Structure formats: structure tokens, C-alpha cells
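Visitor: The structure that follows is given in the form of C-alpha cells.
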Amino acid sequence: MDTITELLRGALEEVRSLGDGATASYIPELAQADPERLALSVVGPRGRVRSVGDEDAEFTIQSMSKPFVLALALVEHGRDAVFAKVGAEPSGEPFNAISLEADTGRPANPLINAGAIATTALIGGDDVDARTARIVELLSAFAGRSLWIDESVYASESSTGDRNRALAHLMRSYGVIDVSVDLAVETYFRQCSALVTVRDLAVMASTLAFGGWNPVTGERVVGESVARDVLSIMASCGMYDYSGQWMLRVGLPAKSGVSGGIIAVAPSQFGVAAFSPRLDEHGNSVRAVAIVEQLSERLGMHLL
Ligand code: DON
15 MDTITELLRG ALEEVRSLGD GATASYIPEL AQADPERLAL SVVGPRGRVR
65 SVGDEDAEFT IQSMSKPFVL ALALVEHGRD AVFAKVGAEP SGEPFNAISL
115 EADTGRPANP LINAGAIATT ALIGGDDVDA RTARIVELLS AFAGRSLWID
165 ESVYASESST GDRNRALAHL MRSYGVIDVS VDLAVETYFR QCSALVTVRD
215 LAVMASTLAF GGWNPVTGER VVGESVARDV LSIMASCGMY DYSGQWMLRV
265 GLPAKSGVSG GIIAVAPSQF GVAAFSPRLD EHGNSVRAVA IVEQLSERLG
315 MHLL
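So the sequence shown is numbered by the working numbering: it starts at 15 and just counts up by one.
Shown next, in the form of C-alpha cells:
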């Protein structure tokens, strides 16, 4: 075992006993996740993947898809067109809050639910399948392997997704979304239901860390300016109403998801991903937050 793997293992064991939090309950399929799962993965500049814990456990990507779909929207439309539809400011509110600008109906940023639905609505394609295919193709290029969708989580999301539908209806009434509500939200539910492991997420994070170039496959996935724009938004908005505290303590652009994963990016150094299903009151994983915080401190990764 090399020193970094040893360090990862140490960090993992240190947070293992944290017992707080609960698995997300508003999506029935997510409530069934094994709450004790714990995994950590790091990918460095030469594409070496180091993972510890439940590294093969699959879970749905959930909100960690949002930065990558933002990247796709930026590739397809450019920065000005995307940020005409969605803001770039932290909302300071929970992930599922309305958080729309009073006059325009523009959501605060692309990483809260409203903003992510508006961003997904920008992706080209005639129907849900065509749009989802484009998104999954990009997620797969970031991950360096073909990803697919967990149909039962998707069905569970869709059957309990009234709040997201309501957000989409509101945004459509303002003209922020100009496709049908169904097309926007069903594509969004499918993107959230893509299955990943902590290793996939670390490779995805590392692709952002190295300016859009995947260090494992050697493929350029997006341009440097797209990667930088995505990381800028992650730095201020990635952890919902914990984003400020996170920047203070961890100092890295990051994104969490209700399945219990977190990706964090140390630019030009590492992509990091942690996974543990129990969540705190912000919808962020209790143990994943703790482990990335600890790692950032031990490896001196705070950007400031
Ligand atoms: O919109 C939802 O409810 C989910 N499919 C994704 C939300 C999510 O991951 C929020 N993260 N903490």
C-alpha cells in the first residue's frame, strides 16, 4: 500500500464511527440504501486511481450530475446564453427551494434543483431519450466508462417529483424554460438516476481538476474555459446552504448529492469523491463532508 492509500484508509477509519444523519427519505428508493456504506477515491495527475472502502458500491449520481450537465449546456450554447437563463449566485437556501429571481423567474444558480432543471432544459434533442442519451454520453466521457440509468430509482423520482414539476411550471410561466415541463423534468430525473461508483466520481472530478482533460482515458472531454466556469459555480454554490462553511473549512469546489456522494476538486492536483448515504440537514452526506474536510487539511488542499 502506498502512502496516499494509507492516508485515505486512515481518513476513512476516522469518520467511520460518525453516526449522525439519515438516508434521503423523499425518494423511496434512496431510503433503502445501506446507511453504513463508506468509500473514498482520489485520482491524481497521471490518472492513477486510489480507492478505499466500498469502492465498488453503485449508487445514483443525483445532484452531482448538475455540474456536468452545466458543462454540456455551456458546450452547446456558450456562457452568455446559459447564464441568461440561470443565475450564478449562491441562493443561501435549501436545494429544493423556489429560489427564483423576483422579476425574471431566473433560478439563483445551476446547482440547486430549479437551476438544474432549467439547465437540463437547454440540452438539445427531440425527446427525453435523445436528451438523456446526450447527457449520459457526456457523463460517461467524464467517468471514462459507459454509465447507465437505474430505472427503479428513476421511476421512484418521477412518481414523487411533484415539487420539481412545480418548479418547472413556475419557470415555464416566466419563459425561463421553453420546452414542455415533462421533457425538462423527466430528462432531469433520468440524469439524476445514472449509476456511479466512488471511483467513477473521482475520475469525473479529476477531469474537471485537469481543465476538462480526463487523466485516466487521456481524452479531452470539454474545453478549459468550460471546466473553469463549472468549477467557479461549484466553489460558490455546490454545497447548497452549507457552501460558505464548506469553502471556509475545506476550500475546494465541490458538489454533493442526496445519494450521499460528494465530489471535490483540487485544481491541477486531484479529483476526490467520497460516499456515505446518511445526510445532514442540508442534504449533504455527514461522513463524506467529514472525510473530505479531513483530507483537505491533511494534504494541504485548501485553495486559499
Ligand atoms: O431533485 C431531486 O430531488 C433529486 N433527484 C436530486 C437532488 C439532490 O441530489 C439534492 N442533493 N443534495
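Where a beta carbon is used, it is the ideal one built from N, C-alpha and C, also for glycine. Keep in mind the model is a prediction, meaning the values are calculated, not measured.
Going straight from the alpha carbon of F203 to that of A249, what length do you get?
Guide: Position 189 of the sequence shown, counted from the first residue, corresponds to residue 203. Position 235 of the sequence shown, counted from the first residue, corresponds to residue 249. Taking the straight line joining both Cα atoms gives about 24 Å.
Visitor: Starting from L245, trace the beta strand (DSSP E) both ways and give me its first and last residue.
Guide: One-based indexing of the sequence shown puts residue 245 at position 231. Looking at the DSSP string, L245 is not in any beta strand (DSSP E); the run it does join, the alpha helix (DSSP H), is 238-251.
Visitor: Shorter than 7 Å, the distance from the beta carbon of N123 to the closest heavy atom of the ligand DON, or not?
Guide: Position 109 of the sequence shown, counting from 1, holds the residue named residue 123. Proximity of the beta carbon of N123 to the ligand DON is not indicated: no heavy atom of the ligand is located closer than 7 Å.
Visitor: Measure the Cβ-Cβ separation of G73 and G275 and say whether it is below 8 Å.
Guide: Taking the first residue of the sequence shown as 1, we reach residue 73 at position 59. Taking the first residue of the sequence shown as 1, we reach residue 275 at position 261. The residue you asked about is not Gly; residue 73 is Phe in the sequence shown. Their beta carbons are under 8 Å apart, which means F73 touches G275 by this criterion.
Visitor: Would DSSP call T133 helix, strand or coil?
Guide: To locate residue 133, count along the sequence shown from 1; it is residue 119. T133 falls in the helix class under three-state DSSP.
Visitor: Measuring CB atoms only, is the stretch 232-239 touching the stretch 176-188, in the sense that at least three cross pairs come out at less than 8 Å?
Guide: Counting C-beta pairs with one atom in each stretch, the stretch 232-239 and the stretch 176-188 have fewer than three that are closer than 8 Å, which means they do not touch.
Visitor: May I have a chain-ordered list of the alpha helix (DSSP H) segments no shorter than 4 residues that lie completely inside the stretch 53-108?
Guide: 80-91, 93-99
Visitor: Mind listing which residues have their beta carbon within less than 6 Å of any non-hydrogen atom of the ligand DON? Chain order is fine.
Guide: Q76, S77, F109, N127, E171, N178, C206, S270, G271, V272, G297
Visitor: Would you tell me roughly how many angstroms separate the C-alpha atoms of F97 and G138, rounded to the nearest one?
Guide: Within the sequence shown, residue 97 is the residue found at index 83, counting from 1. Within the sequence shown, residue 138 is the residue found at index 124, counting from 1. Roughly 17 Å separates the two Cα atoms.
Visitor: When you compare the CB positions of L309 and P281, do they come within less than 8 Å of one another, or not?
Guide: Reading the sequence shown from its first residue, position 295 is the one you call residue 309. Reading the sequence shown from its first residue, position 267 is the one you call residue 281. No, these two residues do not count as a Cβ contact at 8 Å.
Visitor: Quick check: V368 and L197, are their CB atoms within less than 8 Å of each other?
Guide: One cannot answer for residue 368 here, as it falls past the ends of the chain, which runs 15 to 318.
Visitor: Report the three-state DSSP secondary structure of I276 (helix, strand or coil).
Guide: The residue given as residue 276 occupies position 262 in the sequence shown. I276 falls in the strand class under three-state DSSP.
Visitor: How long is the line joining the alpha carbons of L317 and S65, rounded to whole angstroms?
Guide: As a first step, residue 317 must be located in the sequence shown, where it is residue number 303. As a first step, residue 65 must be located in the sequence shown, where it is residue number 51. Cα to Cα, L317 sits roughly 23 Å from S65.
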